[in-house]
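Numbering follows numbering that gives the first Met the number 0, in which position 620 of the sequence shown is assigned residue number 619; successive positions increment by one, without gaps.
C-beta: ideal position from N, C-alpha, C; glycine also.
Predicted, not measured: the structure shown is a model, and the values here were computed from it.
Let me begin by presenting the structure, written as structure tokens, before commenting on it.
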Amino acid sequence: METDRALSCAIPQSLHHRTALFERHFASLNHPLRAAVCKLLVVSDYACHQLDTLTELLKTDEGVNGLSCEDYHRLANELLTQATLASFSRQLRQFRHRHFLRLLLREYAGLATTTNTMTSWSHCADALILTTLRFCHQELVERFGIPCDAEGNPVCLYTIAMGKLGGQELNYSSDIDLIFAYSAAGQTQGPQSITNQQYFTKIVQMFMQLFQEPTPEGFVFRVDLRLRPNGESGALVSSLTALETYYQEQGRDWERYAMAKARVICAPEDAPPAWFERLIVPFVYRRYVDFSVIESLRSMKALIEREIQLNPRLNDIKRGLGGIREIEFVIQNIQLIRGGRLPPLRQPNALNALDALRRCKLLPRTGILREAYLFLRRLENCLQSENDQQTHALPTHPVKQDQIALAMEYESFNELLNRLHQFQRIVSTTFHTAMGKADAYEDRERLLSHQLTSLWQGHVERAMAVNLLSSLGYRNAERCYQMIHAFRHAPRCRRLNQAARMRLDRFMVLLLQELTQVPDAESVLLQVMHLLENIVGRSAYLALLAENPQALKELLHWFAESPFITSLLVNYPFLMEVLLDKERNWRAPSRNQLAQQLQNQLSHVSEMDLQEDVLRQFKLTQWLLAARAEMDGRMDAVKAGRFLADVAEVIVIQVINHACRELSLRYPEMAGITNRFDVIAYGKLGSMEMNYNSDLDLVFVHDVPFEQEGLVNRLSQKIIHMLTTRSQFGILYAVDTRLRPSGSAGLLVSPLTAFLEYQRKQAWTWEHQALVRSRLLYGNRKSRHLFNQLKKDILLLPRKWQKTAEEVQTMREKMSRNLAKEEGRDIKHARGGLIDLEFLVQFLVLCSAESSLARYTNTLQLLQQLAIAKKISPSRFNRLKEAYKTYHKRLHHQLLGLHADSKGLSDHQRQVRDISAAIYPLSRD
């Protein structure tokens, strides 16, 4: 046939093999669309997979004849006849495939323009939407009844088409953007009555399932409902009253931009409802010049320009330089600014809007822009029809390139590219002249604020958002965007009321701006997200940050500097008020001042459970203040250790008093026991060397008659319980009581006489080492005297130097085996580390026979007293003192998450090892 020969000449050599399918299935086809069928099978893989549908279509005249809007609705309504859910779902997809192929054939046969195709495909989508909603109504109305308003009038569902469908310019593989609204609140009148809100929500859910759930036949259309009020966190369907209220009170600039393309989908015989114009016109088109929308449009334009600057993406005909998006922006830019005074501009269809702009003489070169727009839209259709995919990227494979060139009726892909680039240059020039260049904007901060607002609220595409973050210095912009997106859609954010949402919006923009000044923005952002998850529902905290930019700067500083402080703030947000306190000249209070502060705070709370939380909050507050002072250089690690021990001491004493009061309510005789109960502090608490990870080594003793020992045992258990019970504010402290006589096998509470007897006659050398660091934390004057005398007696015990050295060394080696630490890996346990230094000092104290040393428990103070007593030389004292300070500084820095400077560390470890070796052997080798 002549047409076959003509087409064969037009098909590039690289595509000749693709004519085999046509020759195998349609060689004898006698049809006006024969050439179009051949071309279709050569350029479209999608069509090659729809041969049965194509064959059925060619048996009719549908391919030759165009269909009107009325035709589509009539054909679609025929699907409702005796349809089941499964059969209706199948028929919807078959309907789509049939008319997809029909439109392709008409376009390739030259029977339809790009405009005809976009309009016709939009009519097809409208018909399928309304037919599917009618089917859903038929399925549900029998069970739930007809939805009615308060007067008993039937309530109807409206479908607002947005985007391409709203403008009746749908692509073959476009998403369809929809908003659903029902006319009035009320109830259904049926066997199972439900609210109209519930009924129409079920309708929409069923509709979504029918339209986009994949089946063996594919899908109908991909549906996007995110343009509805409040986006993904909003209701699937709203009443008209709620819709109007939302746009009047909460509608944002980007929603005005989106609503410019809105259209109510109606049956051909129905006129658009009157309420629609009342809703759209006041919201979208203002009669006065709206500077806020101009600012918002400038922001959007700058975002597009920035994205294009970073990546021109010439192969992306929608988002790339001179692409479809830029044409649409130019049109809607003028519509939104001028449409209030010029009603002809209020056109959802881009081509109709271009014509209106030409008639109003508001845009030059509309003719060439129209030509460029149609070229790009036709190319977009060709790209998407190749495999029914929503793509805007030009192919890179030579065969695919030849397919697109053939579909677009160009002799080669290069020729097509040349024409494309001509149009892209024209569009880009027009776009850049709209509203001036972004670089000319005077208020750069305001512009950036608008851009970040759009990013946070999800009104820019992912690629554009990532490019913006990248341009602002976010190193892992993709990861940061994912965190922002995930948080925005988290359940806690979606449940916020309007005021809280506005506060969060304001804060997030400030946050994203300030993070550009933080070196490791990604990790800080992650921690801020964790914090926000805990405080997003608490208006006071968000207000503190949103309304105080300096507070936010300080918060980010600490998040960047200290994982320890970050962890405290994330887990216990009340500490933000402490951290952000403007009083930066904090000085560590004395133990008596701490006790008074704590007592004052407890006096405002009467309930015992709440008092326990006051204790926990007090500890966390003091820890935070100490950590901040250490990081600011206002407190060294040694002073911090003493302060943290003071904090622990005043808390333990309050816990003891609290436990006594609580038990007294059940056991009146407890009042007589309190003054005969003692608590001895060992370990870091005893030596006043606590850090942010220290537990409490406690030993309980008593001086009560045998029949009251049960009560002191209960008291001890109560104290431990209060210290270790976890609440929303964590625990107070972990407690270790294994240093009591006989360890874990001994009594939890020992009689004072038995404790003294054990220490004098049965205790091991390592227990006397522990006693060196101990002090009576709580007890009466008699107990204090007996305990102090015990320490003096123990220190005056005659000891053999070598035997004691071996016993101390044996315990040190046992600790090393149990901890299995590698040398050099741990500042405490490494050879020559902190524990070796402490063991050396304890050994010297035990062997010095100096009763005056019993007054001291702190390692550094003991070291100083040993030097004064000439038990150690000044040179060794200075070296050990510097090692001690370095070890504690490094240990505290590790716990605070600061960079631990290892400079000189190995020298200190070597010196501790050398001094220890000179005093007693470190090993038996």
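Query	Result
Pairwise C-alpha distance: GLN910 and GLU822	Reliability of the predicted coordinates at GLU822 is poor, the pLDDT of 41 falling under 50, and no value is obtained from them.
Pairwise C-alpha distance: ALA670 and GLN801	49 Å
DSSP-derived helix/strand/coil call for ALA462	helix
Alpha-carbon to alpha-carbon, THR18 and ILE10	9 Å
Backbone secondary structure at SER749 - three-state DSSP	strand
Contact under 8 Å by Cβ, LEU14 with LEU405	yes
Alpha-carbon to alpha-carbon, PRO518 and HIS396	41 Å
Reduced DSSP secondary structure (H/G/I, E/B, other) of LEU164	helix
The region 317-337 in contact with the region 242-251 per 3-pair CB rule at 8 Å	no
Own chain partners of PRO927 with C-beta closer than 7 Å, once the 5 adjacent residues on each side are dropped	Any question about residue 927 goes unanswered here, given that the chain covers just 0 to 924.
Touching by the beta-carbon criterion (3+ pairs, under 8 Å), the region 20-34 and the region 362-369	no
DSSP state of HIS937 mapped onto helix, strand, coil	Because the chain here runs from 0 to 924, residue 937 falls outside it and cannot be looked at.
Meets three-Cβ-pair contact criterion under 8 Å: the region 768-776 and the region 713-724	no
DSSP three-state assignment for THR158, whether helix, strand or coil	strand
The region 414-421 contacting the region 71-88, beta-carbon criterion three pairs below 8 Å	no
Continuous alpha helix (DSSP H) assignments of at least 4 residues falling wholly in the region 559-603	562-570, 574-578 and 590-602
Local Cβ density within 10 Å of THR59, reported as buried at 16 or more and exposed below that	exposed
Beta-carbon proximity list for GLN610, same chain, < 6 Å, skipping 5 on both sides	LEU601 and VAL604
Pick from LEU102, ARG586, GLU806 and ASP645 that is closest to ASP633, judged by C-alpha positions	Sequence inspection shows Arg at residue 633; the Asp mentioned does not correspond to that position. Among LEU102, ARG586, GLU806 and ASP645, the Cα nearest to that of ARG633 belongs to ARG586.
Alpha carbon of TYR855 to alpha carbon of VAL654, nearest angstrom	25 Å
Whole-angstrom C-beta distance between VAL678 and TYR777, which should lie under 8 Å	4 Å
Cβ neighbour criterion (16 or more within 10 Å) applied to HIS898	exposed
Continuous beta strand (DSSP E) stretch holding ARG774: start and end	774-777
For ARG424, the three-state DSSP class (helix, strand or coil)	helix
Range of the contiguous alpha helix (DSSP H) that encloses ILE918	904-918
Candidates MET689, PHE617 and ASN591, of which the one nearest HIS891 by Cα	MET689
C-beta atoms of MET607 and GLY640 nearer than 8 Å	no
Given ILE178 as reference, the closest of VAL41, VAL222 and LEU362 once Cα atoms are compared	VAL222
DSSP-derived helix/strand/coil call for ASP696	strand
Through-space distance from SER693 to TYR732, alpha-carbon basis	8 Å
Identity of the residue in ASN570, LYS884, ALA261 and VAL219 nearest SER726 by Cα	ASN570
Contact belief for ILE330 with LEU356 at Cβ below 8 Å, rounded distance in angstroms	7 Å
Length at least 3, wholly inside the region 317-353: the beta strand (DSSP E) runs in chain order	none
Closest by C-alpha distance to VAL219, when choosing among ARG491, GLN90 and LEU100	GLN90
Same chain, Cβ closer than 6 Å to LYS317, neighbours up to 5 away in sequence not counted	ILE323, ARG324 and HIS391
Secondary structure, beta strand (DSSP E): runs of 3+ residues fully inside the region 176-254	186-188 and 236-238
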